[in-house]
Amino acid sequence: MDSNNNKDIFKDGFNFNLDEEKKPETNEEVHNKEIHEEEIDNEAKIDNTIKEVVNIEDDKSKSNFLSNLNETKTASFEQEQFTYQKTSNYKKWIIQIIILAVAVISIYLIVNRKTELIDFSNMPYEDAVVWANGKNIILTYEEEYSNEVQEDYIISQDVKAGEKVKKDSTVKLVISKGRDPYEKIAVPDFNISWSKTSIENWIEQNGIINYKFNNIESEDVPSNYLISYELIGATNDTFVRSSEVEFAISYTETFDTVVVPDFINETMIDVDIWAKNNEIEYTYTYEKSSLYDEDIIINQSVKSGEEMDVNEVFSFVISTGDENDTIIMENFLNRTIIDADIWAKNNRIRYTYSYEYSDIYPEDSISYQSIKADEEIKEGYTVSFIVSKGTEDEEEETIVMDNFLNRALLDVDIWAKSNGIDYNYTYEYNSIYEKDKIMYQSIPDGDELVGDEVLNFIVSKGEEIVVPDFSELTVTEAEEYDDDSIEVKVIEKYVKGTREGEFLSQSVRAEEVVEEGMEIRVEYSLGDRITVPSFIDELKQELEEWIEEANDNGANIDLIVNEQAGTGLEYGKIITQNIYNDDIDLSSDIEITISSGLTVPSFMNMSKNEANNYSQTSDLNVEVVEMYQQGTSAGKFLSQSIETGTKVNKGTYVTVYYSLGDTLNIPKFVNRPVTELQEWVDEQNSKGAQLTITKTELHIQDLDYGLIFSQNIYNQTNADLDTDIEVVVSLGELYSVIDFSEYSVSEIEDIAEENDLTIIFETVEDSSYSSGKVISQEPESGELISKKDFIKIRVAE
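Numbers in the working numbering are just positions in the sequence shown, counted from 1, shifted up by 1339.
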């Protein structure tokens, strides 16, 4: 029903508005329209001015003409005399001057027309240029960093939006360079509670530029959670947006598996469908069986119900029945091995084949079969074939040496083997030929090879590489050593009596000649003292890993561990640490106190709020659930899912139940959908209530279908848990069905949508009606229905 005129189609008939809805004008369209109207007004003013001037002169001429006629008139019997009155040249000049002045003014107004400036803020600079070029406006700009406006978008303009400017006026813009790469960024306290997703959110929020994730397999840290991180070339105090940071993320390798069904007594089609759906490869063989019919699976490589890796091959055995069928051998002479393969598989025949020269049969055609055509063989029998290699040339082919200079040794190997030639090769340094390129061959290209001559080649080892003296370089310089010819691996370790950064040794002596790609290990000192970080609130294992790494690098640190019970923390969490954020000798002891384990407390004496907040100070996850229960008051502790004193792991969920009381408040649902009442009742019953609903449905004027007209009880704070709520629900207003016989299907659909009716169309083949014509309807026109009822209309096909 149309909300504008509140028209009821069953009472007032139909009124179809075929006009399309007018689209709202955009700001740019409105602006262009105003400029166009201003131009029209100027042109109209000019036209009116010209018309007024011409009209004045015309009036003057008419006045002179009439006045001449009204002068002394002769008698009717006398002859009238007419005289010609010459127009003054002065008046013509006045008219021409006025027209010229109007034209000049018009041109001036058009040329000097002003443009209203738009708001450029947060607009891409490219879009602003397009707009300015169309309006003959000159744009200049300066750039500055901005955390609010994205790169290449406009921050501000020196002329306010809405002001009018002349053509060729200059407007200065400030354009964003994006976020400042040198702005200091606060580095949070990253720990194993940070997931990869939360780290990515921090990176995105702060616009971090140089970051890297390294996936490391770990059984101790959950998959996709942080193991460790490293600020490269910066500290927490000096970290800026463009600083480099690397994150080590836990990764657990997983294998896709699938549960194997029971294929015994099934067919190969069943296996094929299952294998394709799960991307499993399979193989099969045939066996004679007196227990299973032909083509039935009698065995499988993986038992039913067991899991198998999707990368494994599933195999099974198919029964050939009690007796093998007899097969008539076909004639495969002069046919391909592909034909033989298809026939063999279709008839469960095994076969082998080899290649031989033949003067009769062409290349790749079968020249021999071990069983003659039309002979009988049994299923499972093996047939041998020989495939022709074509005619063997008696005259030996002359071999001409190829040019292998500056080519790879692999090219020589392929050429030599294809021609049955032996060759040797050695390596030498060379500054002209690249590494692994041939620089010499014993036979020049184009020469013919004689007899069993052996070829010799020399392969380039590349340019001679001289090892530098790393004692003259710092650690950073060694790490950044830029020479692709050798690989430098920098190792840092703790050495007593040395200072941090001091050169220790290099694996290859300085000035020694090495091959390209040689790895050279260079060692520098980390000093003779080590800084111990704080591991409080971390797990003991993390400290043990840190100590292991330090000891691998030359330290000799021992760990002393004490345990403390009743902490509410998981086993191994560090509570105290005797030394942290301080330097120690390489041979020192670190003493810590850890939690002896996590046990479930008693929640009986805790309030609901205390139980809710328990997770904040414990490694348990506590979930509070409230239930209705007879004979209890609201907020009373009922039970907990895990008994007090039970030892559990970190993150274990404990559900604690508290009472909502033994009465409830029933809200008022009058004029609301009955579905809302049902949802509310279901929710209360899921918490232990036993509410019921008794519905009475009536057609009620002016009340939509499904809305509650009345409710026997509401806003009662102490209603029993088993209260029956009685409501009267509206079936909606009754409508008189109209006659649809004169409407098309599309018109009926529009009527249904407008009046919220349900109409079902049935297409009927009836040649007495034209296509799309209504044949009949149920209910018929004039019958009363509600909006929940549907109308069935039969339409000619």
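The beta-carbon is built from N, C-alpha and C at its ideal position, and this holds for glycine as well.
With 16 other Cβ atoms within 10 Å as the buried cut-off, status of residue i
i, result
"Phe1416", "Confidence at Phe1416 is low in this model, with a pLDDT of 42, below 50, so the placement of that residue is unreliable and no value is reported for it."
"Trp1885", "buried"
"Lys1642", "exposed"
"Glu1599", "Note that residue 1599 is Val in the sequence shown, not Glu. Buried, by the Cβ-count rule."
"Leu1749", "exposed"
"Glu1862", "buried"
"Ala1817", "buried"
"Ile1677", "exposed"
"Gly1905", "exposed"
"Val2009", "exposed"
"Thr1454", "buried"
"Pro1527", "exposed"
"Ile1710", "buried"
"Met1943", "exposed"
"Arg1687", "buried"
"Ile2130", "buried"
"Gln1418", "Confidence is the limiting factor: at Gln1418 the pLDDT is only 47, short of 50, which leaves the residue's position unreliable, though a coordinate-based value still follows. Classification for Gln1418: exposed."
"Glu1881", "buried"
"Ile1555", "exposed"
Contact belief for residue i with residue j at Cβ below 8 Å, rounded distance in angstroms
i, j, result
"Asn1461", "Tyr1492", "6 Å"
"Ile1869", "Tyr1833", "6 Å"
"Ile1825", "Val1793", "Not confirmed; about 35 Å, so no contact."
"Lys1912", "Ile1933", "6 Å"
"Leu1456", "Gly1501", "7 Å"
Residue i - containing beta strand (DSSP E), residue span
i, result
"Ser2025", "Here Ser2025 belongs to no beta strand (DSSP E); instead the alpha helix (DSSP H) covers 2013-2025."
"Glu1620", "1620-1626"
"Pro1638", "Note that residue 1638 is Asn in the sequence shown here, rather than Pro. Residues 1636-1639."
"Gln2055", "2055-2059"
"Ile2098", "2097-2103"
"Leu1512", "1509-1515"
"Ile1913", "1913-1916"
"Gln2116", "2113-2117"
"Lys2131", "2129-2135"
"Asp1891", "That residue, Asp1891, is in no beta strand (DSSP E); its alpha helix (DSSP H) goes 1879-1891."
"Val1900", "1897-1903"
"Gly2000", "1992-2000"
"Lys2034", "2031-2037"
"Tyr1762", "1762-1767"
"Phe1743", "Phe1743 -> no beta strand (DSSP E), and no H or E assigned at all."
"Ser1495", "1493-1496"
Best match in the options for proximity to residue i [C-alpha to C-alpha]
i, options, result
"Val1656", "Phe1602, Ser1709, Arg1689", "Phe1602"
"Gly1893", "Ser1864, Ile1914, Ala1904, Gly1905", "Ser1864"
"Glu1605", "Val1597, Tyr1564, Ser1658", "Ser1658"
"Gln1969", "Asn2057, Glu1887, Lys1627", "Asn2057"
"Pro1940", "Arg1848, Thr1994, Ile1760", "Thr1994"
"Gly1644", "Thr1596, Leu1630, Arg1674", "Thr1596"
"Val1900", "Ile1494, Gly1759, Arg1689, Thr1915", "Thr1915"
"Glu1787", "Leu1908, Gly2111, Val1739, Lys1717", "Val1739"
"Leu1959", "Lys1615, Leu1937, Glu1965", "Leu1937"
"Glu1773", "Asn1948, Glu1855, Ile2098, Ile1716", "Glu1855"
"Ile1514", "Pro1520, Glu1502, Asp1497", "Asp1497"
"Asp2043", "Thr2031, Val2068, Gly2027, Asn1769", "Val2068"
"Arg1746", "Asp1775, Glu1841, Thr1765", "Asp1775"
"Gly1517", "Ile1531, Asp1741, Ile1494", "Ile1494"
"Phe2100", "Leu2070, Ile2132, Ser2083", "Ile2132"
"Glu1522", "Asn1563, Ser1581, Ala1442, Glu1569", "Ser1581"
"Leu1478", "Phe1459, Asn1486, Gln1489", "Phe1459"
"Arg1860", "Pro1807, Leu1565, Val1510", "Pro1807"
Start and end residues, alpha helix (DSSP H) containing residue i
i, result
"Asn1617", "1607-1617"
"Ile2087", "2084-2093"
"Ala1817", "1814-1818"
"Val1468", "1464-1474"
"Leu1478", "Leu1478 -> not in any alpha helix (DSSP H); beta strand (DSSP E) instead, spanning 1477-1483."
"Lys1835", "Neither: Lys1835 is in no alpha helix (DSSP H) and is coded neither H nor E."
C-beta neighbour in chain D for residue i, strict 8 Å
i, result
"Leu1788", "Note that chain D does not occur in the displayed structure, where there is just one protein chain."
The ligand SAH heavy atom lying under 7 Å from the CB of residue i
i, result
"Thr1971", "Absence of the ligand SAH is noted for the structure shown, with no ligands found whatsoever."
4-residue-minimum alpha helix (DSSP H) runs that sit fully inside the stretch 1535-1585, ordered along the chain = 1535-1545
Considering only residues of the stretch 1772-1832, which uninterrupted beta strand (DSSP E) runs meet the minimum length of 3 residues and lie entirely inside it, listed in chain order?
-> 1777-1780, 1794-1799, 1825-1832
Return the chain-ordered ranges of every beta strand (DSSP E) run that is complete within the stretch 1652-1731 and spans a minimum of 3 residues.
-> 1652-1658, 1665-1667, 1689-1695, 1705-1708, 1715-1717, 1721-1727
What runs of the beta strand (DSSP E), each 3 residues or longer, lie entirely inside the stretch 1928-1983?
-> 1928-1934, 1960-1967, 1976-1979
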